[in-house]
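Visitor: Attaching a single structure in structure tokens format; questions to follow.
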Amino acid sequence: MEKTVLIEKLKVIIEPYIQDEDAFKNLTETTDFVKDLKINSANLVDIILDIEDAFDIRLENEDMEQMLNVKAAIEIVQSKQNSK
């Protein structure tokens with residue numbers, strides 16, 4: 001799946017949880033979920049569960065620990081999809 005498509009899908013998933021509208025409008029690969037979008041850790045878990053459902057993948061604990069920004073999320077989702 002292309003990065004642009006992945007980013008658009010991720011935006012839909014994370015939008016309900018964001019606390020910083022401006023950062024969300026300017027979302028890039030370097031956007032940090034906690035620092036930039038002000039998403040709390042409980043909501044980050046919800047996002048990870050939503051990502052698993054949306055992309056039909058299963059994430060391991062180490063994947064979840066690394067999924068702190070948009071770029072990491074893209075790389076992990078692509079890796080999981082390619083290993084299917």
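full-length UniProt numbering puts the first residue of the sequence shown at 1, with every later residue one more than the last. Using N, Cα and C, we set each Cβ at its ideal position, and we do this for glycine too.
#1: Using only alpha-carbon positions, find the residue among D32, N26 and F24 that is nearest to K71.
#2: Checking the sheet assignment: what are the DSSP bridge partners for D63?
#3: Could you check what DSSP says for D56 in three-state terms: helix, strand or coil?
#4: Could you check the C-alpha separation between E2 and D53 for me, to the nearest Å?
#5: What did DSSP end up calling N69 once you bin it into helix, strand or coil?
#6: Can you tell which of K25, I74, K84 and Q81 has the C-alpha that lies nearest to the C-alpha of K9?
#7: Hey, out of K84, Q78, S83 and N82, whose CA is closest to I5's CA?
#8: Measuring from the CB of Y17, is there a heavy atom of the ligand SAH at a distance below 7 Å?
Guide: Reading off the structure:
#1: Selected option, being the one with the closest Cα: D32.
#2: None; D63 has no bridge partner.
#3: In the three-state reduction of the DSSP assignment, D56 falls in the coil class.
#4: Between E2 and D53, the C-alpha separation is close to 18 Å.
#5: Note: N69 maps to strand in three-state DSSP.
#6: Of the residues K25, I74, K84 and Q81, the one whose Cα lies closest to the Cα of K9 is I74.
#7: According to the sequence as given, residue 5 is Val; it is not Ile. Comparing alpha-carbon positions, the option among K84, Q78, S83 and N82 lying closest to V5 turns out to be Q78.
#8: You won't find the ligand SAH in this model; it holds no ligand whatsoever.
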